[in-house]
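Novice:
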Amino acid sequence: MNDSVKPRGELTLRTLAMPADANPAGDIFGGWVMAQMDLASGIRAAERARGRVVTAAVKEMAFELPVKIGDTLSVFTDIDRVGRTSITLNVEAWAHRARFHTLEKVTAATFIMVALDENGAPKAVPEES
Numbered sequence: 001m002n003d004s005v006k007p008r009g010e011l012t013l014r015t016l017a018m019p020a021d022a023n024p025a026g027d028i029f030g031g032w033v034m035a036q037m038d039l040a041s042g043i044r045a046a047e048r049a050r051g052r053v054v055t056a057a058v059k060e061m062a063f064e065l066p067v068k069i070g071d072t073l074s075v076f077t078d079i080d081r082v083g084r085t086s087i088t089l090n091v092e093a094w095a096h097r098a099r100f101h102t103l104e105k106v107t108a109a110t111f112i113m114v115a116l117d118e119n120g121a122p123k124a125v126p127e128e129s
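full-length UniProt numbering puts the first residue of the sequence shown at 1, with every later residue one more than the last.
(1) Could you pull out every unbroken beta strand (DSSP E) segment of at least 3 residues lying fully inside the UniProt domain "HotDog ACOT-type" (7 to 119), listed in chain order?
(2) Could you have a look at Met1 and say whether DSSP puts it in helix, strand or coil?
(3) Just tell me which of Leu16, Glu10, Gly9 and Ala93 has its CA closest to the CA of Phe63.
(4) DSSP has residue 148 in a bridge; who is on the other side?
(5) Taking a contact to mean a Cβ-Cβ separation below 8 Å, would you say Pro126 touches Arg52 in this structure?
(6) When you compare the CB positions of Ser41 and Thr55, do they come within less than 8 Å of one another, or not?
(7) For Val67, count the other beta carbons within 10 Å of its own beta carbon; 16 or more makes it buried, fewer makes it exposed. Which is it?
(8) Apart from the five residues just before and just after Val58, which ones in its own chain have a Cβ nearer than 6 Å to its Cβ?
(9) Any idea if Met18 is buried or exposed, counting beta-carbon neighbours within 10 angstroms, 16 or more meaning buried?
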């Protein structure tokens, strides 16, 4: 890892990239990476909303580097904004390449999550305690 470039946000999820998640060349499918980022966004937003959340939008996602079989994918989340019913998060995915002892940023995106009540309708995000 370049010491001047470090992950931003809170480590929210770590998982291992497995052969079932890859194409024949050993590159992990982008959809799998995006799903891990969505899970991490949901975890962080649900903690902040103190309840159920759903993904409303994903913005500005570009893959900079591939994730390979055997890499550990670490997803970092940072709450950027809390609206009345929504939470906007900056999300970064980093690959720890154990063979090379490196940590590289593979993609980033903005996720917008919406808090829901027990009937599935948007509800206000409570004030931080």
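Beta carbons: idealized from backbone N, C-alpha and C, even for Gly.
Specialist: Walking through what the data contain:
(1) Taken in chain order, the complete beta strand (DSSP E) segments of 3 residues or longer contained in the UniProt domain "HotDog ACOT-type" (7 to 119) are 10 to 16, 53 to 63, 72 to 82, 86 to 97 and 102 to 115.
(2) The residue labelled residue 1 in the question sits at position 1 within the sequence shown. Summary for Met1: the model assigns pLDDT 49, below 50, so the residue's position carries little reliability, and this model does not support an answer.
(3) As a working note, residue 63 is residue 63 in the sequence shown. Measuring from the Cα of Phe63, the nearest candidate turns out to be Ala93.
(4) Past the boundaries of the shown model lies residue 148; the chain is included only from 1 to 129, so the question cannot be answered.
(5) The sequence position of residue 126 within the sequence shown is 126, counting from 1. The sequence position of residue 52 within the sequence shown is 52, counting from 1. No.
(6) Locating residue 41 in the sequence shown gives position 41, counting from the first residue. Locating residue 55 in the sequence shown gives position 55, counting from the first residue. Their beta carbons are under 8 Å apart, which means Ser41 touches Thr55 by this criterion.
(7) Counting from one through the sequence shown, the residue named residue 67 turns up at place 67. It counts as buried.
(8) Against the sequence shown, residue 58 aligns to sequence position 58. Cβ within range, chain order: Ala109 and Phe111.
(9) For the purposes of this step, residue 18 is taken as the residue at position 18 of the sequence shown. Its Cβ having fewer than 16 others within 10 Å, Met18 is exposed.
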